[in-house]
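Asks: To start, I am sharing the structure in question, which I have written as structure tokens.
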Amino acid sequence: MSSLESTTSAESSSAEPETPTPMATARPTDASGWRVWVPLAIVVAQIVAVVVPGYFAPGTPVQFMGMVWGPMIGLGLLSIWWLFLSRAPWSVKAWIVLVFAMGIIAANLLVHPTIPFMLLVYGLPAATTTFVVAYFLTRGTSWRLRSVVMTAGILGAWGFWTLFRLDGADGTLSAQMSLRWSPTAEQIFLEQLAQEPSPSTEAPEATVPPLALQPGDWPGFRGPQRDSVVTGTVIETDWKKSPPQERWRRPLGPGWSSFALVDGHLFTQEQRGDQEVVTCYDAASGKPIWIHENDYRFTETVSGAGPRATPTFHDGRLFTFGAGGILNALDPATGKEIWSRNVAEDTGAKVPEWGFSSSPEVVNDAVIVYVGGKTGKGIAAYDRTTGEPLWTAEAGEHAYGSPQRTDLGGVDQVLALTDAGVTSVDPVSGTEIWNYDWPSAPYSRVVQPLLVGEQQVLLGTGYGMGSRLINVARSGDEWTASEEWTSRNLKPYFNDTVVYGDALYGFDGNIFTCVDLKTGDRAWKRGRYGNGQVLLLEDQGLLLVLSEKGEVVLLEATPEKHRELAKFKAIDGKTWNHPVVAHGTLYVRNGEEAAAFALPVKTTEVPADPEPAPES
């Protein structure tokens, strides 16, 4: 924070007293030496450190360090220049330092509770930039005027942030803000909800027939095998000629849960004020059928409010896991609670930074969730019928993925991808079968371990680490896991990957990418869909991508090149939830709304029976 040098000795000798007040009226004459341009270079570098890494390395430590350390280092350098290289009077120097300090303190006290981190990332660069601009614009005027203008600029920059509320951030950590007094999307939703008839919160008096899994249903997170693969659906790819048709649209409470669809019923989780709710909708119309409420609210500033995990249907029951650790078993036809456990209390695990996110995996009589507790309590299993604890197992200390049932070497097992690597346990006893160490601490893993072929597992990691394919082998009772390849060409954060043929398709950061399955080499990287999600329509070799902005894109699953076949806008707002395709209908949701679209299903004409040959 500074002054400019005098250009003549005469001006130096006639300058203001050695210790002038901030209101001194003498007019300094600025020099054109290098010291004049130092503050400008510092603020430019500061802005570059905050903004540029988000374009080239989104969601990586490089971006986070730039956003945090760029402003702090910039402030330090600017302070050194202002105090020791500028020729501002010492009283002015002290005054501006005091103004900065008062602005920081006042801003932290007055801003909306969601804003303080933004004061570091955006507020500090704004204040330093405003100060430097004011400094340059007032060159040649009195220190009295310069002090007033710089003070107004600094306090104005800090005060600006008192007007806003942080609504979250997108996948590149870019802030999404609104005026602090404007209603949130959740508040608008709750007002609309108050005008609607309330669905049942208890079992109706009349007998409701039980629900049963039907062919083509989608019973839980990422489908029947938790691999985002759709079978039995063949669609038209010319959406200009045969576009998807909207069947219904409705507002939802916030949350990052996906849908489960069983027997015409659509299940998900939402936040509604101080209630964490499981909701059931009619799949054909979108009309609510029932809700189940728990007294809990989870929210954090980046992702926002709401539960994260997707409900799981198994053998006539619905299992849900809330962001605060409440595990429910519900009657899927009525929403009536069968049993409920607080897994956080059972295991001593703390609620993670972004909430418990594990979608329950049900294997035989065990309901299995990832918890991240210490001392052998990374995974927890409960009796499907009674809710009584069955076992716990060691599996890292934090992760935001879900248990993944798989068959390796003819052995039924459950995999958990965590900060420690990947762990395999016996779903009956919780005994460890094998593990593979690949630490990611302090960064979290979010995606599912992906079975490739009969004995390979793909491990995906964001934060710039990449993906690793491992070989799992069994010899008697001994298991080994070894690296096949590691590639930084596919760095999925919370965006799961699908495999088709000899290629992997998924998100490298926020750009859609195809990687050679045998080598990890990149085939192409082009689709800029933000941090979206993908489904594989296996029967046609098609990829259906739901972008971060709610756009649905249809791609050809080929390593030859990025081939975009069709697209349309489905929903508005930040969209991180996994899409669902079942019975020819696409279901999408985010933290604000949900919609269903009938896909243009391709029909095959059956030729008529030939005329019978005439009798001879």
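Numbering (full-length UniProt numbering), first residue to last: 1 to 616.
We put the CB at the ideal spot given by N, CA and C, even for glycine.
Quick caveat, the model's predicted, so the values are computed rather than measured.
1. Given a threshold of 16 other Cβ atoms within 10 Å of its Cβ, counted over all protein chains shown, does residue 67 qualify as buried or as exposed?
2. Does the pairing of the segment 464-475 with the segment 68-77 give three or more beta-carbon distances under 8 Å?
3. From residue 479 to residue 294, what distance separates their C-alpha atoms?
4. Measure the Cβ-Cβ separation of residue 191 and residue 253 and say whether it is below 8 Å.
5. Mind checking residue 475: buried by the 16 CB within 10 Å criterion, or exposed?
6. According to the neighbour-count rule (16 or more other Cβ atoms, all chains shown, within 10 Å of its Cβ), is residue 56 buried or exposed?
7. If I'm right that residue 510 touches residue 171 with Cβ under 8 Å, what's the distance once you round it to whole angstroms?
8. Using the Cα positions of residue 183 and residue 584, report the straight-line distance between them to the nearest angstrom.
9. What three-state label does DSSP hand residue 90 in the structure shown?
10. Quick one: what does DSSP say residue 347 is sitting in, helix, strand or coil?
11. Does the distance from the C-beta atom of residue 617 to that of residue 332 stay below 8 Å?
12. Answer with buried or exposed for residue 276, where buried requires no fewer than 16 other C-beta atoms within 10 angstroms of its C-beta.
13. Between 329, 61 and 346, which has its C-alpha nearest residue 338's C-alpha?
14. Would you kindly work out how many angstroms separate the C-alpha atoms of residue 402 and residue 361, rounded to a whole number?
15. Got a sec? Which residues, its chain only, sit under 6 Å from residue 487 by beta carbon, not counting five neighbours each side?
16. Could you tell me if residue 501 is buried or exposed, where buried requires 16 or more neighbouring beta carbons within 10 angstroms of its beta carbon?
17. Look up residue 438 in the DSSP assignment and say whether it is helix, strand or coil.
18. Below 8 Å on the Cβ atoms is my guess for residue 618 versus residue 450; work out the distance and round it to an integer in Å.
19. Hey, how far is the Cα of residue 358 from the Cα of residue 244?
20. Which residue or residues does DSSP assign as beta-bridge partners of residue 79?
21. Helix, strand or coil, according to DSSP, for residue 465 in the structure here?
22. Determine contact between the segment 212-226 and the segment 253-270, defined as no fewer than three beta-carbon pairs at a distance below 8 Å.
23. With distances taken Cα to Cα, identify the nearest neighbour of residue 548 among 538, 581 and 507.
24. How should residue 93 be labelled, buried or exposed, when 16 other C-beta atoms within 10 angstroms of its C-beta is the threshold for buried?
25. What span of residues does the alpha helix (DSSP H) with residue 580 cover, start to end?
26. Return the residue from the list 240, 383, 193 and 228 that minimises the CA-CA distance to residue 287.
27. Considering only heavy atoms of the ligand HEM, does any lie closer than 7 Å to the CB of residue 181?
28. Using only the alpha-carbon positions, how far apart do residue 210 and residue 377 sit?
29. Measuring only the C-alpha atoms, how far is residue 416 from residue 395?
30. Buried or exposed: where does residue 527 fall if 16 or more other Cβ atoms within 10 Å of its Cβ makes it buried?
31. Report the residue from 581, 494 and 566 whose alpha carbon sits nearest the alpha carbon of residue 536.
32. Do you know whose CA, among 341, 336, 114 and 531, lies nearest residue 180's CA?
33. Pick helix, strand or coil for residue 186, following the three-state DSSP scheme.
34. My output table needs one value for residue 95: the three-state DSSP class, helix, strand or coil.
35. State the DSSP-derived secondary structure class of residue 230, mapped to helix, strand or coil.
36. Taking the C-alpha atoms as reference points, what is the distance between residue 587 and residue 324?
Replies: The answer reads as follows:
1. With 16 or more other Cβ atoms within 10 Å, it is buried.
2. Touching, no.
3. Straight-line Cα distance between these residues: approximately 42 Å.
4. Contact flag unset, no.
5. Answer is exposed; the Cβ neighbour count stays below 16.
6. Exposed, since its Cβ has fewer than 16 Cβ neighbours within 10 Å.
7. The pair is a contact, with the Cβ atoms about 5 Å apart (cut-off 8 Å).
8. Those two C-alpha atoms are separated by around 36 Å.
9. Looking at residue 90 - three-state DSSP - the assignment turns out to be helix.
10. Reduced to three states, the DSSP call for residue 347 is helix.
11. One cannot answer for residue 617 here, as it falls past the ends of the chain, which runs 1 to 616.
12. Counting Cβ neighbours within 10 Å, residue 276 comes out buried, since at least 16 surround it.
13. It is 329.
14. Residue 402 and residue 361: Cα-Cα distance of roughly 8 Å.
15. Cβ neighbours of residue 487 beyond the five flanking positions: 466, 467 and 520.
16. By the 10 Å Cβ count, residue 501 comes out exposed.
17. Coil at residue 438, not helix or strand.
18. In the structure as shown, the chain starts at 1 and stops at 616, and residue 618 therefore has no counterpart that could be examined.
19. Straight-line Cα distance between these residues: approximately 32 Å.
20. DSSP lists no partner for residue 79.
21. Secondary structure of residue 465 (DSSP, three-state): coil.
22. Contact between the segment 212-226 and the segment 253-270 is present: 3 or more CB-CB pairs across the two stretches fall below 8 Å.
23. Closest by C-alpha distance to residue 548, out of 538, 581 and 507, is 507.
24. Residue environment: residue 93 is assigned as buried (16 or more neighbouring CB atoms within 10 Å of its CB, all protein chains considered).
25. Going by DSSP, residue 580 is part of no alpha helix (DSSP H) but of the beta strand (DSSP E) stretching over 580-582.
26. Among 240, 383, 193 and 228, the Cα nearest to that of residue 287 is on 193.
27. The ligand HEM is not among the ligands present in this structure, which contains no ligands whatsoever.
28. Residue 210 and residue 377 have their C-alpha atoms spaced approximately 34 Å apart.
29. Going by C-alpha positions, residue 416 is about 7 Å away from residue 395.
30. With a 10 Å radius around the Cβ and a threshold of 16 neighbouring Cβ atoms, residue 527 comes out buried.
31. If you compare the alpha carbons of 581, 494 and 566 with that of residue 536, the shortest gap goes to 581.
32. Comparing alpha-carbon positions, the option among 341, 336, 114 and 531 lying closest to residue 180 turns out to be 114.
33. Three-state result, residue 186: helix.
34. Collapsing the DSSP output to three states places residue 95 in a helix.
35. Residue 230 falls in the strand class under three-state DSSP.
36. So the two alpha carbons sit approximately 26 Å from each other.
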